[in-house]
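Residue numbers (the working numbering): 1 to 287. Idealized CB from N, CA, C, for every residue including glycine. Computed from a prediction, not measured in an experiment: that's the story for all the values here. Below you'll find the structure, written out as structure tokens, and then a few comments.
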């Protein structure tokens with residue numbers, strides 16, 4: 001991914017998606033003109049044009065802040081703009097492989113009532129406890145190349161059936177991948193993943209070209225599990241200090257809810273310590 005073109009593409013996408021009324025302009029049509037962006041950001045039209053065309057790639061922090069305000073960027077979008085504005089790298093980047101510390105492996109394994117998994121660079125799934133594997137996908141049993149959350153969401157039909165709001169989930173994970181791409185634009189394996197998904201998924205191609213970014217911190221998801229039925233979960237995404245580009249995801253359900261009951265059934269069913277003939281039947285319960 002060329003740093004110059006990535007910055008220009010992001011600026012053009014932001015300009016096209018900003019309503020003039022939101023930026024204090026009177027027009028009602030969608031999208032700002034270059035002249036309007038330049039005026040609102042306090043730079044010359046020629047300077048801003050060179051930014052969009054990739055002829056200038058190192059705007060100052062003051063300019064970055066001004067453009068972020070003009071486009072109404074949130075914290076994730078502002079950070080992404082700053083990443084793209086860094087000096088371009090000059091060679092392909094072989095990012096080292098990641099490993100989860102044994103202590104973290106033990107921690108998530110101890111969460112027998114909560115699905116927990118760790119996402120690394122490129123949204124690679126680095127570790128998952130038995131309940132996460134039963135709820136979502138058994139990533140450790142797959143070839144290394146297929147242990148990727150984004151790839152699973154877009155290319156595994158089971159993921160489309162699992163998420164009641166699949167389009168929202170899928171669009172957000174594309175935004176998360178965009179954030180990583182801004183920090184590591186020359187990651188060879190990332191470029192391979194994006195290329196594969198662009199070819200195989202029209203939805204991915206559309207959302208990737210939209211240049212929206214998303215940082216997952218917490219939220220709610222609705223699932224329809226084939227074994228136990230509907231489960232609404234709340235998730236927390238926790239960055240791991242000392243483990244660069246590793247995020248721990250923990251799922252929870254509201255106590256006393258049908259989702260909580262269904263999750264407990266799934267936990268009993270997925271418990272590797274329980275003999276198969278001792279595991280309970282898993283009837284579907286509806287919310």
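Annotated three-state conformation of residue 230 is strand, per DSSP. Assignment of residue 99 by DSSP, reduced to helix, strand and coil, places it in the coil class. Taking 7 Å as the cut-off, the beta carbon of residue 245 is found closer than this to the beta carbon of residue 121.
Beta-bridge annotation (DSSP): residue 257 is not paired with any residue. Nearest C-alpha to residue 219 among 106, 250, 196: 250. Burial is judged here by how many other beta carbons sit within 10 angstroms of a residue's own beta carbon; residue 33 has fewer than 16 and is exposed. Of all C-beta pairs linking the segment 170-183 to the segment 115-129, three or more are shorter than 8 Å, placing the two stretches in contact.
For residue 224, the enclosing beta strand (DSSP E) has its first and last residue at 218-225. At the C-beta level, residue 37 and residue 48 come within 7 Å of one another. Close CB contacts of residue 42 within its chain, under the 7 Å cut and outside five residues either way in sequence, are with 66 (chain order). Excluding the 5 residues flanking it on each side, residue 85 has same chain C-beta neighbours closer than 8 Å at 7, 57, 58, 59, 64, in chain order. Residues of the same chain with a CB within less than 6 Å of the CB of residue 171, apart from the 5 flanking positions on each side, are 207 in chain order. Where residue 248 is concerned, there is no enclosing alpha helix (DSSP H), although the beta strand (DSSP E) around it starts and stops at 247-252.
The segment 219-229 and the segment 138-156 do not touch, with fewer than 3 CB-CB distances between them shorter than 8 Å. When the Cα atoms are used, residue 62 and residue 133 turn out to be separated by approximately 46 Å. Residue state for residue 148 is assigned as strand, using DSSP reduced to three classes. Per DSSP, reduced to three states, the secondary structure at residue 5 is helical.
DSSP places residue 126 within a strand segment (E or B) once states are collapsed to three. DSSP, read as helix, strand or coil, puts residue 244 in coil.
For residue 204, the uninterrupted alpha helix (DSSP H) segment begins and ends at 202-210.
For residue 116, the uninterrupted beta strand (DSSP E) run begins and ends at 116-119, by DSSP.
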